[in-house]
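*Asks:*
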Amino acid sequence: MRKFIKSMRSINQGTRSKVVVRFLAAAIVLQIYLLWQGNLYFNVLSRMPLRDAQSQLALHLYPLLEEHVPRCSPPKLRGNVGAGLQRFDAVNGTPQKNYLDDPGDFEPPMQLAHDGYVRAIKNTTLQRAYTPRRRESCPQRELPVELFLKDWTEYEPYICEIVLPPLNAKCVVLSELLVKPDGGENNLEHFQLKVFAILFSSFQDVIWMDSDCLFLHDPTKLLSSKPYTSTGLVTWPDFWAYTISPSYYNISRQAEIPTTTRQSTEAGMFLISKKKHFMTLLLAAYYNFHAEYYYTMISQGAPGEGDKDTFILAASALGRKFYTVSEKVADLGHPADDGGVLGSAMLQADPVEDYKLTRQGKWRVRDESVAKAPRGFWIHAYNPKFNAGGGLFSEKSENDQGNPSRLWTHQEETLKRIGYDVERMAWEEAKTVTCTLEHGFDTWKKNSGLCKTITKHWEAVFKNSTADAHRFTEE
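Here the sequence shown is numbered in the working numbering, starting from 525 and rising by one per residue.
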């Protein structure tokens, strides 16, 4: 354990990538959301004590959210037939249809409620009460981390009180902060929680990460580079096209955007400045608080229904600047029978390199021949996740003969954009965490032999081999 903590706290040029993976291995095992402040400062959000500011935010925000509930039934898909699987096409686009039943019934009351809420947040004093006022210097190797838990049922004392504090990380129980004015508990679930975790975090500049994401490079540099410095909000793409109902544009009083403009959002990771986008977060909170009205309207039955596009749509509705990475997300996995990829992870591009290309008018999303692809910057390891107690061992971690194998062996051009053998490092750190904390996590205590199982897999695949002929650079 001592070796694990020490290596987590020392970042230098030679070990940066390893430390990033080691840090994220712990987060992935925790299976809870992670907030990385990502700048060289620890930001204090208010002149008043943080806990008091958070209480004031909940006290004023909750009534606004409840007051402006739409006075109608939530939209529903027409005949349960939605947009389906529509891959993004930046050249030809996809049909922009309304798959919702009887939009004339819900559009007027939802527009009225939306208008009222937008007016209310523009007139509120919440931003002045809950915006960073003071910055305290913080060494890069001690970047603070906040791990948000929905409520006390997810709280594990040993992890939160013993393991995390030496890593300058702490658990934050959201139900303690987001409380109804009458003291009652909120009923928010899953995707709805993300925006409130960001709002109630103690950071000004936030790098949001889902627990199954891995950085390939130092993320702190993103917050001192364009496009983040010029916009304050940077997102990455999903595979799918925008399938937003025209009703949403009517309700939010926006012009429809062509489906060739940008992909739908993959919200496993994004960057946001609470100073520049506090109003964006308040409107996104409205969309997520009233998820039964907005989630179906925004996705219309397409994959990934949830909070994913609510941040960009809120920024657009308020006229705020943002940047959506244009480089297509790339599959990582095993070769599929049809010549494609049996996906288990997604590789996302370096936003700084992507921004430089698009500023030159080079849009690879329309024509890949105009420039070399940006390097990969992070990986969303969605299936399986690096959790030895949560489905890590399956057909995706086996080869065609049923023997232990790597998860990511295809495609060659995608692997070269990673830059180094990150999967080997991820497995090594997952093994270290599993064998160190096998009896430390409540969710693992019912399982036996986790350390033995992951060690056996690691030794079979990595111990006596190099990169198995896979290349991770262009050289």
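Beta carbons: idealized from backbone N, C-alpha and C, even for Gly.
Suppose you measure from the CA of Ala860 to the CA of Lys704; what does that come to, to the nearest Å?
*Replies:* Roughly 50 Å between the two C-alpha positions.
*Asks:* At what residue ranges does the segment 765-798 contain a whole run of the beta strand (DSSP E), taking only runs of 3 or more?
*Replies:* 787-797
*Asks:* Express the C-alpha separation of Pro587 and Tyr641 in angstroms, rounding to a whole number.
*Replies:* 11 Å
*Asks:* Could you tell me which residues DSSP puts in a beta bridge with Tyr847?
*Replies:* Beta-bridge partners of Tyr847 (DSSP): Val758.
*Asks:* Excluding the five sequence neighbours on either side, which residues of its own chain have a C-beta within less than 6 Å of the C-beta of Arg948, listed in chain order?
*Replies:* Phe986
*Asks:* For Gln872, name the three-state secondary structure that DSSP assigns.
*Replies:* Strand, per DSSP.
*Asks:* Closer than 6 Å by C-beta to Asp855: which residues in its own chain qualify, once you throw out the five before and the five after it? Chain order, please.
*Replies:* Val865, Gly867
*Asks:* Find the nearest neighbour of Tyr879 within the set Gly863, His994, Phe846, judged by alpha-carbon distance.
*Replies:* With distances taken between Cα atoms, Tyr879 lies closest to Phe846.
*Asks:* Can you list, in chain order, the residues of its chain whose CB lies under 7 Å from that of Ala550, leaving out five sequence neighbours each side?
*Replies:* With a pLDDT of 38 at Ala550, under the threshold of 50, the predicted position of this residue should be treated as unreliable, though the coordinate-derived value follows. For Ala550, where only same-chain residues beyond five positions count, the Cβ hits under 7 Å are Val957.
*Asks:* Within this structure, are the beta carbons of Ile836 and Thr820 separated by less than 8 Å?
*Replies:* no
*Asks:* Do Leu795 and Ile722 have their CB atoms nearer than 8 Å?
*Replies:* no
*Asks:* Over the uninterrupted beta strand (DSSP E) stretch that includes Ile978, give me the two end residues.
*Replies:* Not the beta strand (DSSP E): Ile978 falls in the alpha helix (DSSP H), residues 974-982.
*Asks:* Smallest Cα separation from Trp902: which of Arg575, Glu851, Asp626?
*Replies:* Glu851
*Asks:* Using only the alpha-carbon positions, how far apart do Ala950 and Lys909 sit?
*Replies:* Put simply, the backbone Cα of Ala950 is about 11 Å away from that of Lys909.
*Asks:* Per DSSP, what are the beta-bridge partners of Ile903 in this structure?
*Replies:* According to DSSP, which records beta bridges pairwise, Ile903 is partnered with Leu738, Leu871.
*Asks:* Relative to the alpha-carbon of Leu807, which residue among Leu589, Asp576, Leu583 has its alpha-carbon at the smallest distance?
*Replies:* Taking only the C-alpha atoms, the option nearest Leu807 is Leu589.
*Asks:* Using the rule of at least 16 other Cβ atoms within 10 Å of the residue's Cβ for burial, across every protein chain shown, is Thr997 buried or exposed?
*Replies:* Taking all protein chains in view, the Cβ of Thr997 is surrounded by fewer than 16 other Cβ atoms within 10 Å, so the residue is classified as exposed.
*Asks:* Along the alpha helix (DSSP H) that carries Lys886, what are the first and last residues, could you check?
*Replies:* Run containing Lys886: none; DSSP gives neither H nor E here.
*Asks:* If you check the beta carbons only, do Phe763 and Arg611 fall under 8 Å apart?
*Replies:* yes
*Asks:* What residue range does the alpha helix (DSSP H) around Phe672 cover?
*Replies:* In this chain, Phe672 is not harboured by any alpha helix (DSSP H); it is covered by the beta strand (DSSP E) spanning 669-673.
*Asks:* With Gln728 and Lys798 assumed to form a contact (beta carbons below 8 Å), what rounded beta-carbon distance in angstroms separates them?
*Replies:* 5 Å
*Asks:* In chain order, what residues of the same chain have a beta carbon less than 6 Å from the beta carbon of Trp760, not counting five sequence neighbours either side?
*Replies:* Glu790, Val849, Gln872
*Asks:* What residue does the alpha helix (DSSP H) around Asp576 start on, and which one ends it?
*Replies:* 574-591
*Asks:* In chain order, what residues of the same chain lie with their CB nearer than 7 Å to the CB of Ala912, ignoring the 5 residues before and after it?
*Replies:* Ala954, Thr958, Leu974, Thr977, Ile978
*Asks:* Rounded C-beta distance between Glu709 and Ser699? I'm assuming under 8 Å.
*Replies:* 6 Å
*Asks:* Name the residue from Arg995, Tyr773, Tyr679, Arg890 whose alpha carbon lies nearest to the alpha carbon of Ala838.
*Replies:* Of the candidates Arg995, Tyr773, Tyr679, Arg890, the one whose C-alpha sits nearest the C-alpha of Ala838 is Tyr773.
*Asks:* By the DSSP assignment, the beta strand (DSSP E) with Val696 in it spans what residues?
*Replies:* 693-697
*Asks:* Give the straight-line distance between the Cα atoms of Gln524 and Gly857, rounded to the nearest whole angstrom.
*Replies:* What is shown of the chain runs 525 to 999, which leaves residue 524 out entirely.
*Asks:* Give every residue of the same chain whose Cβ lies closer than 6 Å to the Cβ of Phe715, excluding the five residues on either side of it in the sequence, and list them in chain order.
*Replies:* Gly830, Asp831
*Asks:* For the alpha helix (DSSP H) that Asp629 lies in, which residues bound it at each end?
*Replies:* 627-647
*Asks:* Could you work out which residue in Asn971, Phe802, Asp613, Glu952 is closest to Ile645 when comparing CA atoms only?
*Replies:* The candidate whose alpha carbon is nearest that of Ile645 is Phe802.
*Asks:* Once the 5 residues before and after Asp498 are set aside, which same chain residues still bring their CB inside 8 Å of it?
*Replies:* Since the first residue of the chain shown is 525 and the last is 999, residue 498 is not available in this structure.
*Asks:* Using beta-carbon positions only, say whether Glu670 and Ser771 come within less than 8 Å of one another.
*Replies:* no
*Asks:* What are the residues that DSSP puts in a beta bridge with Leu601?
*Replies:* Leu624
*Asks:* Ala991 to Leu738, Cα distance in whole Å?
*Replies:* Because the pLDDT of Ala991 is 47, which lies under 50, any placement of that residue in the model is unreliable, and the number read from its coordinates should be weighed accordingly. Taking the straight line from one Cα to the other gives about 19 Å.
*Asks:* Relative to the C-alpha of Asn711, which candidate in Gly915, Pro689, Phe813 has its C-alpha closest?
*Replies:* Answer by Cα proximity: Phe813.
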